[in-house]
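Q:
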Amino acid sequence: MSGLVPETVQKVARAAGLGPRESDKLNDLARETKDMKPEDRLTTDYGVKQPTHDDWLKVASKEHTGPLLLEDPYGREKIMRFDHERIPERVVHARGAGAFGRFRVLESASDLTFAPVLTDTSRETPVFVRFSTVLGSRGSADTVRDVRGFATKFYTAEGNWDIVGNDIPVFFIQDPIKFPDVIHAGKPEPHNEVPQAQSAHNNFWDFQYNHTEATHMFLWTMSDRAIPRSWRMMQGFGVNTFTLTNAKGERHFVKFTWTPELGVHSLVWDEALKLGGQDPDFHRKDLWEAIANGVYPKWKFGIQAIPEADEHKFDFDILDATKIWPEDLVPTRYIGEMVLDRNPDEFFTQVEQIAFCTSHVVPGIGFSDDPLLQGRNFSYFDTQISRLGVNFQELPINRPVCPVMNFNRDGALRHTITRGTVNYWPNRYGVCPAASQSEGAYLEYAQKLAGIKARARSAKFQDHFSQAQLFYNSLSPVEKQHVINAFAFELDHCEDPVVYSRMVERLADIDLDLCRAVAAMVGGDPPGKAPARPNHGRRAPAISQLEFPGAEPTIASRRVAILIADGYDKVAYDAAYAALTAALAVPLVIGPNRRRVTAADGSTSVQPHHHLEGFRSTMVDAIFVPGGARSAEALAKNGRALHWIREAFGHLKVIGATGEAVDLVRKAIGVPSVGVSEAGEAKESYGVVTLKDVKPESFKEAVEIAKGATGFMEKFFYGIAGHRCWERELAGLNTLV
Ligand code: HDE
Numbered sequence: 001m002s003g004l005v006p007e008t009v010q011k012v013a014r015a016a017g018l019g020p021r022e023s024d025k026l027n028d029l030a031r032e033t034k035d036m037k038p039e040d041r042l043t044t045d046y047g048v049k050q051p052t053h054d055d056w057l058k059v060a061s062k063e064h065t066g067p068l069l070l071e072d073p074y075g076r077e078k079i080m081r082f083d084h085e086r087i088p089e090r091v092v093h094a095r096g097a098g099a100f101g102r103f104r105v106l107e108s109a110s111d112l113t114f115a116p117v118l119t120d121t122s123r124e125t126p127v128f129v130r131f132s133t134v135l136g137s138r139g140s141a142d143t144v145r146d147v148r149g150f151a152t153k154f155y156t157a158e159g160n161w162d163i164v165g166n167d168i169p170v171f172f173i174q175d176p177i178k179f180p181d182v183i184h185a186g187k188p189e190p191h192n193e194v195p196q197a198q199s200a201h202n203n204f205w206d207f208q209y210n211h212t213e214a215t216h217m218f219l220w221t222m223s224d225r226a227i228p229r230s231w232r233m234m235q236g237f238g239v240n241t242f243t244l245t246n247a248k249g250e251r252h253f254v255k256f257t258w259t260p261e262l263g264v265h266s267l268v269w270d271e272a273l274k275l276g277g278q279d280p281d282f283h284r285k286d287l288w289e290a291i292a293n294g295v296y297p298k299w300k301f302g303i304q305a306i307p308e309a310d311e312h313k314f315d316f317d318i319l320d321a322t323k324i325w326p327e328d329l330v331p332t333r334y335i336g337e338m339v340l341d342r343n344p345d346e347f348f349t350q351v352e353q354i355a356f357c358t359s360h361v362v363p364g365i366g367f368s369d370d371p372l373l374q375g376r377n378f379s380y381f382d383t384q385i386s387r388l389g390v391n392f393q394e395l396p397i398n399r400p401v402c403p404v405m406n407f408n409r410d411g412a413l414r415h416t417i418t419r420g421t422v423n424y425w426p427n428r429y430g431v432c433p434a435a436s437q438s439e440g441a442y443l444e445y446a447q448k449l450a451g452i453k454a455r456a457r458s459a460k461f462q463d464h465f466s467q468a469q470l471f472y473n474s475l476s477p478v479e480k481q482h483v484i485n486a487f488a489f490e491l492d493h494c495e496d497p498v499v500y501s502r503m504v505e506r507l508a509d510i511d512l513d514l515c516r517a518v519a520a521m522v523g524g525d526p527p528g529k530a531p532a533r534p535n536h537g538r539r540a541p542a543i544s545q546l547e548f549p550g551a552e553p554t555i556a557s558r559r560v561a562i563l564i565a566d567g568y569d570k571v572a573y574d575a576a577y578a579a580l581t582a583a584l585a586v587p588l589v590i591g592p593n594r595r596r597v598t599a600a601d602g603s604t605s606v607q608p609h610h611h612l613e614g615f616r617s618t619m620v621d622a623i624f625v626p627g628g629a630r631s632a633e634a635l636a637k638n639g640r641a642l643h644w645i646r647e648a649f650g651h652l653k654v655i656g657a658t659g660e661a662v663d664l665v666r667k668a669i670g671v672p673s674v675g676v677s678e679a680g681e682a683k684e685s686y687g688v689v690t691l692k693d694v695k696p697e698s699f700k701e702a703v704e705i706a707k708g709a710t711g712f713m714e715k716f717f718y719g720i721a722g723h724r725c726w727e728r729e730l731a732g733l734n735t736l737v
């Protein structure tokens, strides 16, 4: 995959000393890892060398290719082994990819827990993280509208700890018994297995209407959170309520959060839709490319904590997974950070075979009575047994880095060989006694319980709308509009009028304006009078993703297309390319075709990474078009080039142009008020950054102009770091796609 990345970027990263770090887990995996070396020769799986890759043993002569001989053990092994290559895909979250990394606590949480992974600031804990979509099959597209999984396995010295989270902090259901229903409703419909990896269909919305506790969650999935720009730009949430116990034996209820250093950013919907076809692997390539380039994604790790005594002090039940703990009531305390710095060596044995279980916690970390969590604790272990077999925890990617010893034995594909004559406890030798507390045994918190046996939930679980309103109210105007657009799209795909008209009614339980705006698009009747549940008008912090712009403005890892044709302005091109590379962005040169493109002065030529037809504007974050009369003229006559610029403009991307290319950009965008001053001169506006008249004579001069006098490059970079130009959308200029 390194072919995806311009080599120069990797060189800069290497020169900066960026590279993956060794860890206990990577060393552990090395035992099982082999490279293919030139001196290796073909063998069967049982080790016997073979003379060919290509011919089955036959009864053959010069004239006649006779029947195959079943006796060929090599032929049989090759085919039959292949026939059984597949294992069941995950029943949900089937599509995903991941990477290795490390976690470190920066501020001890010893007031909350005695778990060293959260208290020992000298420790670096190896991790593997798998990101995923939920509904689609293993071969579906990355950029669909869906929740994203964000599952982390910490290989701690006390055993494995898994936080199996999502990029959205709440869930559709309160009781695990409803999980098959919500997933059946969302997955392809049973009669024709349509649609793939989409919630835009009758059954999904039929369920959402009928199952009102999903209201809060479906609003999140209609927001931009469900179409992330990158897995590296998503938050992660443990969703369920866990507990932490400190050395004094005090217990807190807690929620876990990951917040990305790069900020929380999304695609725009039209872009996501197109990428589904143009580059279905967009997210997994993005993660791979960033790590290969040494631009390691980083997240802050945060904890929200509520003392045990305060459990009932809130107007929501803190054990209800359809509710957030609003930040103004329970602020997140960031205590650690995680960096992903190494791509996997092999997808199947590492990404496909990794098995997460919410029940995997280490001493100092515990569960709560959150019913969804308790159901999950059962389900994950069970699903791994069916997917990978009873010995799944022996697989290299899953085995802990600390000693494992017990009397669990046998089962399919057991491969640990445990010496000794007993496999039970108690035994006459006293072999493998239980651990004491001082030896680090996991002791359950002595929680006092009382109640009656009933299929019921506490009264606060019955409120299904307050936090849905809180979420909607907390969005910015642009984000609200995106929610409206998302409903308009989704309900347009529901042919059954019962489904879309009832859903429109349901939206009135959240916000009447939202309901009316969606009804205007899809049909259905908004209620004439005030709804039964008027919007309470309250807002909460840290819900709008615009509140997470990123730790500091950066263009590192952002893809910037440089559009050129023969006759391009070499000085402007070189200056931009060098500045982008130095900033660890990924410049991608796009030509009319992949033949070398010659500069205006004929002194040099460059090999484009891609051509205008092969690559698309959707796959980059910004576009730069250097001047050069012949280049600009050729691009102006090329419909695909015009489409590139126009589409990027519609998708709110920053566009930079110099010299003759400024007019080309104006022509492509075709909106007279944009990029043109009152005097008819090109100017920067709505994220279109131009530099028309300055003609640097040398590369050095160009860099200086770009950096200093005009601030061209600074403005261009600053725009890219801001992700998208929302002002363009607010001005209604984004409908050009
Ligand atoms: Fe999962 N979920 N889930 N889920 N989930 C699985 O386990 C399940 C829920 C999540 O990258 C399965 O290994 C139940 C919430 C992620 O390998 C399965 C319930 C959250 C992943 C399962 C939930 C998640 C899974 C399928 C309701 C966010 C992918 C394959 C009680 C906190 C992990 C597998 C990976 C995967 C069951 C609800 C996140 C069947 C029964 C809430 C990120 O065990």
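Numbering (UniProt numbering), first residue to last: 1 to 737.
For every residue, glycine included, the Cβ atom is placed at its ideal position computed from N, Cα and C.
What you are looking at is a predicted structure, and each value in this text was computed from that prediction instead of being measured.
1) Using the Cβ count rule (16 or more neighbours within 10 Å means buried), how would you classify Ala405?
2) Apply the 10 Å Cβ neighbour rule to Gly670 and answer buried if 16 or more other Cβ atoms are within range, or exposed otherwise.
3) Report back the beta-carbon spacing between Lys255 and Thr241 to the nearest angstrom; my notes put them in contact at under 8 angstroms.
4) At which residues does the alpha helix (DSSP H) containing Trp231 begin and terminate?
5) Let me confirm a value: Ser199 is counted as buried when at least 16 other C-beta atoms fall within 10 Å, else exposed. Which label applies?
6) Got a sec: does ligand 1 put a non-hydrogen atom nearer than 7 angstroms to the Cβ of Arg90?
7) Return the chain-ordered ranges of every alpha helix (DSSP H) run that is complete within the stretch 586 to 670 and spans a minimum of 4 residues.
8) Compute the minimum distance between the beta carbon of His184 and the heavy atoms of ligand 1, and state whether it is under 7 angstroms.
9) Name the DSSP bridge partner or partners of Ile324?
10) Measuring alpha carbon to alpha carbon, tell me which residue in Pro67, Ser631 and Gly101 is nearest Glu337.
11) Exposed or buried, which one is Thr119 when buried takes at least 16 other CB atoms within 10 Å?
12) Measuring from the CB of Pro228, is there a heavy atom of ligand 1 at a distance below 7 angstroms?
13) Among Leu691, Ile645, Asn423 and Asp369, which residue has its Cα nearest to the Cα of Ala450?
14) Since I believe Gly98 is in contact with Val351 (beta carbons under 8 angstroms), could you give me their beta-carbon distance rounded to a whole number of angstroms?
15) Keeping to the same chain, check which residues put their C-beta closer than 6 angstroms to that of Ser476; ignore five residues upstream and five downstream.
16) Is His211 a contact residue of ligand 1, with contact defined as CB to any heavy atom under 7 angstroms?
17) Which class does Lys58 belong to by DSSP, given the choice of helix, strand or coil?
18) With distances taken between CB atoms, is the gap from His211 to Leu112 smaller than 8 angstroms?
19) Rounded to whole angstroms, what's the CA-CA distance from Ala709 to Thr618? Just pull it up for me.
20) Taking Leu42 as part of the beta strand (DSSP E), name the residues at either end of that continuous run.
21) Verify whether the separation of the beta carbon atoms of Thr215 and Ile623 is less than 8 angstroms.
22) Taking its Cβ as the centre, do 16 or more other Cβ atoms sit within 10 Å of Met234, making it buried, or is it exposed?
23) Between Val498, Lys529 and Ala488, which lies nearest to Ala508 when the distance is taken from Cα to Cα?
24) Relative to the alpha-carbon of Leu642, which residue among Gly628, Pro592 and Gly66 has its alpha-carbon at the smallest distance?
25) Less than 8 angstroms separating the beta-carbons of Val134 and Lys153?
26) Taking Cβ positions, are Gly366 and Thr332 nearer each other than 8 angstroms?
27) Could you name the residues of the same chain whose beta carbon sits closer than 6 angstroms to that of Ser266, not counting the 5 residues immediately before and after it, in chain order?
28) I'd like to know if the stretch 166 to 176 and the stretch 314 to 333 are in contact, where contact means that at least 3 CB-CB pairs between them fall below 8 angstroms.
29) Could you tell me if Ala532 is buried or exposed, where buried requires 16 or more neighbouring beta carbons within 10 angstroms of its beta carbon?
30) Suppose the cutoff is 6 angstroms on Cβ atoms and the five residues either side in sequence are ignored; what does the same chain contact list for Lys25 look like?
31) By how many angstroms is the C-alpha of Phe615 removed from the C-alpha of Ala682?
32) So does Arg380 have its beta carbon nearer than 7 angstroms to some heavy atom of ligand 1?
33) Measure the CB-CB distance between Ala109 and Ile335 and report whether it falls below 8 angstroms.
34) With a 10 Å radius around its C-beta and 16 neighbouring C-beta atoms as the bar for buried, classify His482 as buried or exposed.
35) Compute the minimum distance between the beta carbon of Thr215 and the heavy atoms of ligand 1, and state whether it is under 7 angstroms.
36) According to the neighbour-count rule (16 or more other Cβ atoms, all chains shown, within 10 Å of its Cβ), is Val5 buried or exposed?
A: Reading from the atomic positions:
1) In the sequence under discussion, the amino acid at residue 405 is Met, which differs from the Ala named in the question. Exposed, since its Cβ has fewer than 16 Cβ neighbours within 10 Å.
2) exposed
3) 6 angstroms
4) Looking at the DSSP string, Trp231 is not in any alpha helix (DSSP H), and its letter there is neither H nor E.
5) buried
6) yes
7) 629 to 636, 639 to 650 and 661 to 669
8) no
9) Per DSSP, none; premise fails for Ile324.
10) Gly101
11) buried
12) no
13) Asp369
14) 5 angstroms
15) Ser544 and Leu546
16) no
17) strand
18) no
19) With a pLDDT of 48 at Ala709, under the threshold of 50, the predicted position of this residue should be treated as unreliable, though the coordinate-derived value follows. Approximately 32 angstroms between the Cα atoms of the pair.
20) Here Leu42 belongs to no beta strand (DSSP E), and DSSP marks it neither H nor E.
21) no
22) buried
23) Lys529
24) Pro592
25) no
26) no
27) Asp224, Ile227, Pro228 and Arg229
28) yes
29) exposed
30) Pro126, Tyr155 and Val401
31) Bear in mind that a pLDDT of 47 at Ala682, under 50, signals an unreliable position, so the number given afterwards is only what the model happens to contain. Answer to the nearest angstrom: the Cα atoms are 28 angstroms apart.
32) According to the sequence shown, residue 380 is Tyr rather than Arg. The answer is yes for Tyr380.
33) yes
34) buried
35) no
36) Caution is warranted here: a pLDDT of 48 is assigned to Val5, below 50, making its placement in the model unreliable, and the coordinate value is therefore given only provisionally. Its Cβ being crowded by 16 or more others within 10 Å, Val5 is buried.
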